[in-house]
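Residue numbers (the UniProt record's numbering): 1 to 390.
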C-alpha cells in the first residue's frame, strides 16, 4: 500500500455523510465556540458537490447511514482564527509565507489504541482534537512508518526538519479543495520517532471509493474540484508530487480534498519505508527509469532521480480524472511489473478498460487525454484544464 492508500476506513466509518440541507444554510450561519467568539462559518451557498448527489444516491445514503450526523460546516475550515488562517504572500506573490505548523502534542485523545488502518508507508489513527475555546474535532493522525525506530540522532533530526518544512508549507494552504493540516503531534501511543500529521477525519473516504459507493453521483464537479485544488498549489509555485485517487479524500459536504502534500519528499528520505508500486501507475513517462540508465551520473555517483514537476502532476491528474469517470483504477489489465514499459511505450487509459464508465465521459475525456501527452511541455497547465472543464 502507498502512503495514503492506508487511509482505508473500517466498517463504522465507511458510509458517506448525509448531504447538506441547503435550505437551512444562510450566509449568516455561524457557530459559536465556548468562549462566545465565532470561529466557524457555513458557506453562503451550497457547494456544488452536494447538488451532485441525485435522488438515487441520496436514497442509497439513507439506507446505509440513517444514523449519520448531519455536518453542514466547511469541513476543512476547522479553525478560522486569523493567526492560523490568514494567507500571506512573499513579495514575488508566488509562495505563501508559511507559518510554523502548530504543535498539537497533548491535545489529542486516541479513540482507538490501535491504528485503524496501515499500509506500506504509514499508519492512521483516529482521535479527538481538543483545543481551548473550541469544540472537539474528530481527526485522523497519520504517522509515517520509519524503519526500526532508528536511534541515530542525526537521522532523526534530518527527518524532523524535513517534516517540519513540508508541513509548514502545507499548513499555510487555504483552499476549499486542499485538506487543512491542523498541525503535528507526538504521542507514545503512535509508536513513531517522528510527529504525526493531524488533519480532518473524512468519513466519506477517497474519491474512488466514494464514486464506487455512490454510482449515480455527478463526476464532473468532483474532477473540477481536484483541478481547482491542484491549480491553487501550482499557482503558489509548488508541486504536489504524488497525485492519485488515494490522495483525494471526500469531505462531509462532498468536496474533493487533495491531501498528503509534500509527503512524497519525506518518503524518499533514508529511514522511511516507501511503497513505489502503489504510485507507479500515476507516474509520467519521464519519471520512469525502465532500464536504470539514469541511476548514476558521469562520476558514477547515484543520482536522486528525476524530480516531480507541475507537468508530472498534470499527468497524474488526468489519470485520477479517468478513475473518477470510470469508477475503477486505471490500467486494470496491466501487471505492476509491466507498467513502466507499457506507459513509456505509449500505453494510455482506454474507455474500453472501464465497465462502469459514467455518461459524462465523452464531455471530459478529450481534456484528460491532453494531460497524458508524452511530451511534458505539451501538457496543459491546470488553469487551462479547469477552463476546459467549465
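Ideal Cβ placement from N, Cα and C applies to all residues, glycine included. Predicted model, so just to flag it, every value in this text is computed and none were measured.
**OP:** Excluding the 5 residues preceding and the 5 following residue 368 in the sequence, name in chain order all residues of the same chain whose CB lies nearer than 7 Å to its CB.
**Re:** Taking the first residue of the chain shown as 1, we reach residue 368 at position 368. Taking residue 368 as the centre and dropping the five residues before and after it, the same chain places the C-beta of 318, 321, 322 closer than 7 Å to its C-beta, in chain order.
Subject >> Euclidean distance between Cα positions of residue 383 and residue 161 >> reply: Position 383 of the chain shown, counted from the first residue, corresponds to residue 383. Position 161 of the chain shown, counted from the first residue, corresponds to residue 161. Note on geometry: alpha-carbon atoms of residue 383 and residue 161 lie some 32 Å from one another.
Original post:
According to the neighbour-count rule (16 or more other Cβ atoms, all chains shown, within 10 Å of its Cβ), is residue 34 buried or exposed?
Top reply: For the purposes of this step, residue 34 is taken as residue 34 along the chain shown, with counting starting at 1. Since pLDDT at residue 34 reaches only 30, below the 50 mark, its modelled position is unreliable, and no value is offered.
Subject >> For residue 288, the nearest candidate out of 245, 240, 259, 340 (CA to CA) >> reply: Residue mapping note: residue 288 aligns to position 288 of the chain shown, counting from 1. Answer by Cα proximity: 340.
**OP:** Give the DSSP-derived three-state secondary structure of residue 78 in the structure shown.
**Re:** What you label residue 78 is simply residue 78 of the chain shown in a count that begins at 1. In this prediction, residue 78 scores a pLDDT of 34, lower than 50, which makes its location untrustworthy; the coordinate-derived value is nonetheless stated afterwards. Coil.
Original post:
Would you call the segment 324-342 and the segment 354-362 in contact, with 3 or more CB pairs under 8 Å?
Top reply: Yes: at least three Cβ pairs fall under 8 Å.
Original post:
Of all the options 248, 143, 212, 167, which has the alpha carbon lying nearest to the alpha carbon of residue 194?
Top reply: For this step, residue 194 is matched to residue 194 along the chain shown. Here the closest residue by C-alpha is 143.
**OP:** Could you check the C-alpha separation between residue 261 and residue 242 for me, to the nearest Å?
**Re:** As a first step, residue 261 must be located in the chain shown, where it is residue number 261. As a first step, residue 242 must be located in the chain shown, where it is residue number 242. In this model, residue 261 and residue 242 are separated by some 8 Å (Cα to Cα).
Subject >> Chain-order list of residues whose beta-carbon lies under 8 Å from that of residue 374 (same chain, five-residue window excluded) >> reply: Along the chain shown, one-based indexing puts residue 374 at 374. Here the set comprises 285, 346.
Original post:
For residue 359, which residues does DSSP report across the bridge?
Top reply: Working through the chain shown from its first residue, we reach residue 359 at position 359. In the DSSP assignment, residue 359 forms no beta bridge with any residue.
**OP:** In the DSSP assignment, find the unbroken alpha helix (DSSP H) run with residue 172 in it and report its ends.
**Re:** Position 172 of the chain shown holds residue 172. Where residue 172 is concerned, the enclosing alpha helix (DSSP H) starts and stops at 153-172.
Original post:
Just checking my contact of residue 349 with residue 364 at CB under 8 Å: how many whole Å lie between their CB atoms?
Top reply: For the purposes of this step, residue 349 is taken as residue 349 along the chain shown, with counting starting at 1. For the purposes of this step, residue 364 is taken as residue 364 along the chain shown, with counting starting at 1. The Cβ separation is near 12 Å, so there is no contact.
Subject >> Residue from 128, 122, 115, 102 whose Cα sits closest to the Cα of residue 109 >> reply: On the chain shown, position 109 is the one that residue 109 refers to. When each option's Cα is compared against that of residue 109, the closest is 128.
Subject >> Cut-off 7 Å between Cβ atoms - residues of its own chain near residue 223, not counting five sequence neighbours on either side >> reply: On the chain shown, residue 223 is found 223 positions in, with the first residue counted as 1. Excluding sequence neighbours, residue 223 sits near 321, 324, 364, 389.
**OP:** May I ask which residues mark the beginning and end of the beta strand (DSSP E) holding residue 416?
**Re:** Limits of the chain in this structure are 1 at one end and 390 at the other, which puts residue 416 out of reach.
Original post:
residue 205 and residue 249 look like a contact to me (Cβ under 8 Å); what is the Cβ gap, rounded to whole Å?
Top reply: For the purposes of this step, residue 205 is taken as the residue at position 205 of the chain shown. For the purposes of this step, residue 249 is taken as the residue at position 249 of the chain shown. Rounded, the Cβ-Cβ distance is 7 Å, consistent with contact.
Original post:
With 16 other CB atoms within 10 Å as the buried threshold, where does residue 213 fall?
Top reply: On the chain shown, position 213 is the one that residue 213 refers to. Burial call: buried.
**OP:** Report the three-state DSSP secondary structure of residue 123 (helix, strand or coil).
**Re:** For the purposes of this step, residue 123 is taken as the residue at position 123 of the chain shown. In the displayed model, residue 123 falls within a strand according to three-state DSSP.
**OP:** Report back the beta-carbon spacing between residue 227 and residue 386 to the nearest angstrom; my notes put them in contact at under 8 Å.
**Re:** Locating residue 227 in the chain shown gives position 227, counting from the first residue. Locating residue 386 in the chain shown gives position 386, counting from the first residue. Rounded, the Cβ-Cβ distance is 5 Å, consistent with contact.
Original post:
Can you tell me where the alpha helix (DSSP H) with residue 210 in it begins and where it stops?
Top reply: If you number the chain shown from 1, residue 210 lands on position 210. From DSSP, the alpha helix (DSSP H) with residue 210 extends over 207-213.
Original post:
Does DSSP put residue 387 in a helix, in a strand, or in coil?
Top reply: Numbered from 1 along the chain shown, position 387 holds the residue referred to as residue 387. DSSP places residue 387 in helix when its eight states are reduced to three.
Subject >> According to DSSP, residues forming a beta bridge with residue 379 >> reply: Looking up residue 379 in the chain shown gives position 379. In the DSSP assignment, residue 379 forms no beta bridge with any residue.
**OP:** Compute the beta-carbon to beta-carbon distance between residue 216 and residue 310, rounded to the nearest angstrom, for a pair I have assumed lies under 8 Å.
**Re:** Position 216 of the chain shown holds residue 216. Position 310 of the chain shown holds residue 310. In fact, because the Cβ distance is near 34 Å, the residues do not count as touching under 8 Å.
Original post:
So what's residue 258 in DSSP terms, helix, strand or just coil?
Top reply: Counted from its first residue, the chain shown places residue 258 at position 258. In this structure, residue 258 counts as strand in the three-state DSSP scheme.
Original post:
Does the Cβ-Cβ distance between residue 184 and residue 101 come in under 7 Å?
Top reply: Here residue 184 refers to the residue found at position 184 of the chain shown. Here residue 101 refers to the residue found at position 101 of the chain shown. Less than 7 Å divides the Cβ of residue 184 from the Cβ of residue 101.
Subject >> CB-CB length for residue 181 against residue 171, believed under 8 Å >> reply: As a working note, residue 181 is residue 181 in the chain shown. As a working note, residue 171 is residue 171 in the chain shown. Residue 181 to residue 171, Cβ: 5 Å. Contact.
**OP:** Would you tell me roughly how many angstroms separate the C-alpha atoms of residue 104 and residue 116, rounded to the nearest one?
**Re:** The residue labelled residue 104 in the question sits at position 104 within the chain shown. The residue labelled residue 116 in the question sits at position 116 within the chain shown. Each residue's alpha carbon lies about 20 Å from the other.
Original post:
Hey, how far is the Cα of residue 200 from the Cα of residue 377?
Top reply: Position 200 of the chain shown holds residue 200. Position 377 of the chain shown holds residue 377. In this structure, the CA atom of residue 200 is about 36 Å from the CA atom of residue 377.
**OP:** Within the same chain, show all residues whose beta-carbon is closer than 7 Å to that of residue 315, passing over the 5 residues directly before and after it, in chain order.
**Re:** Here residue 315 refers to the residue found at position 315 of the chain shown. For residue 315, same chain residues with a beta-carbon under 7 Å away, outside a window of 5 residues either side, are 284, 371, 372, 379 in chain order.
Original post:
Measuring CA to CA, which of 333, 189, 237, 168 is closest to residue 111?
Top reply: Translated into the one-based positions of the chain shown, residue 111 becomes position 111. When 333, 189, 237, 168 are compared, the shortest CA-CA separation from residue 111 is found for 189.
Original post:
How long is the line joining the alpha carbons of residue 123 and residue 114, rounded to whole angstroms?
Top reply: One-based indexing of the chain shown puts residue 123 at position 123. One-based indexing of the chain shown puts residue 114 at position 114. Whole-angstrom Cα-Cα distance: 9 Å.
Subject >> Rounded straight-line distance, which links the Cα of residue 141 to that of residue 211 >> reply: Start at 1 with the first residue of the chain shown, and residue 211 comes out as number 211. Start at 1 with the first residue of the chain shown, and residue 141 comes out as number 141. Taking the straight line joining both Cα atoms gives about 24 Å.
Original post:
Is it buried or exposed for residue 337, if we count other Cβ within 10 angstroms and need 16 for buried?
Top reply: Along the chain shown, one-based indexing puts residue 337 at 337. The residue in question, residue 337, is exposed, as its Cβ has fewer than 16 Cβ neighbours within 10 Å.
Original post:
Per DSSP, what kind of secondary structure is residue 394 in: helix, strand or coil?
Top reply: The requested residue 394 does not occur in the structure, where the chain is confined to residues 1 to 390.
Original post:
Just how far apart, CA to CA, sit residue 139 and residue 203?
Top reply: As a working mapping, residue 139 is identified with position 139 in the chain shown. As a working mapping, residue 203 is identified with position 203 in the chain shown. Cα-Cα distance, rounded: 10 Å.
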